[in-house]
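Have a look at the structure below before the remarks.
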Amino acid sequence: MMKNNLEEAKLTVGKVAKRCGVKVSTLHFYEEKGLIRSWRNQGNQRRYKAEVLRRISVIKAAQKMGISLQEIKEAFATLPNNRTPDTKDWEKLASNWRENLTTRIHYLENLRDYLSGCIGCGCLSLNHCPLYNKDDELAAEGVGPVILDRKVKKV
Ligand code: FES
76 MMKNNLEEAK
86 LTVGKVAKRC
96 GVKVSTLHFY
106 EEKGLIRSWR
116 NQGNQRRYKA
126 EVLRRISVIK
136 AAQKMGISLQ
146 EIKEAFATLP
156 NNRTPDTKDW
166 EKLASNWREN
176 LTTRIHYLEN
186 LRDYLSGCIG
196 CGCLSLNHCP
206 LYNKDDELAA
216 EGVGPVILDR
226 KVKKV
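Heads up: take any position in the sequence shown, counting from 1, add 75, and you land on the numbering used here.
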C-alpha cells in the first residue's frame, strides 16, 4: 500500500542538515524559497522525506556551478510536489537542464584553456593582445571577454 506523505516524512531537520552538510537555517531558507518541502508531525515538528536529501544535494552541486536558486527552482518545478520523484521525473529534469549545464561546462573549459591568452576584454595588457585585439577592435563586436564568448557561441 502506498504510504502517504506524512508516513514517508521521517527525517528530522537535524538529520537532514547533518547528512547534507548544511545548516538548519539553510533548510528553512530553501523551504521559504519553495525548493524543498517538509511535513509537520503530531508534535508540530518538521519532518522530511528521504528524497529531500537528493534535492539538497542537487541544489548544492548546481550552486557550485554558479546556477542561481531561481534557475534551480524553475528546474525543480518539473518535479512532482505531491509524491516522491522517481527516476523518470529526474530524467525529465536532467534533459531540461542538459543544454544549460553543457553551455556552462563549455564556458568553464574555455576559461580554463584560454585564461593565459588574450580574452578580448579591452585591457590590451598581455603580449598576445595586439595579435588578437589590435587597438581593442573587438569592442566593436561586443562587451566583456569577446574571444571567450565567441568560443562558447560556437559550441
Ligand atoms: S586580454 Fe584583455 S584585451 Fe587581451
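Ideal Cβ positions, reconstructed from N, Cα and C, are used throughout, including at glycine. All values derive from a computational prediction rather than experimental measurement.
Taking the Cα positions, D210 is about 20 Å away from Y189. Per the DSSP secondary-structure output, W114 pairs in a beta bridge with R122.
Between the region 98 to 111 and the region 120 to 133, the count of C-beta pairs closer than 8 Å reaches three or more; the two stretches touch.
Across the set K124, V97, Q117, the C-alpha of V97 shows the shortest separation from the C-alpha of A136.
For L213, the three-state secondary structure derived from DSSP is helix. According to DSSP, residue pairing for L86 in a beta bridge involves Y123. Membership of T162 in the alpha helix (DSSP H) is indicated by the continuous run 162 to 189. The way I'd put it, the region 82 to 93 does touch the region 108 to 125; three or more beta-carbon pairs between them come closer than 8 Å.
Close CB contacts of P160 within its chain, under the 7 Å cut and outside five residues either way in sequence, are with E126, L154 (chain order). A residue is called buried once 16 or more other Cβ atoms fall within 10 Å of its Cβ, and P205, having fewer, is exposed. H203 places its beta carbon less than 7 Å from that of C193. Look at H203 here: in three-state DSSP terms it is coil, with no helix or strand label.
Excluding its 5 nearest sequence neighbours in each direction, G197 has C-beta neighbours in its own chain below 8 Å: N208, D211, L213, A214, listed in chain order. The beta carbons of R173 and G141 sit about 16 Å from each other, so the pair does not count as a contact at 8 Å. In this structure, L168 keeps its C-beta atom at 7 Å or more from the C-beta atom of Y123.
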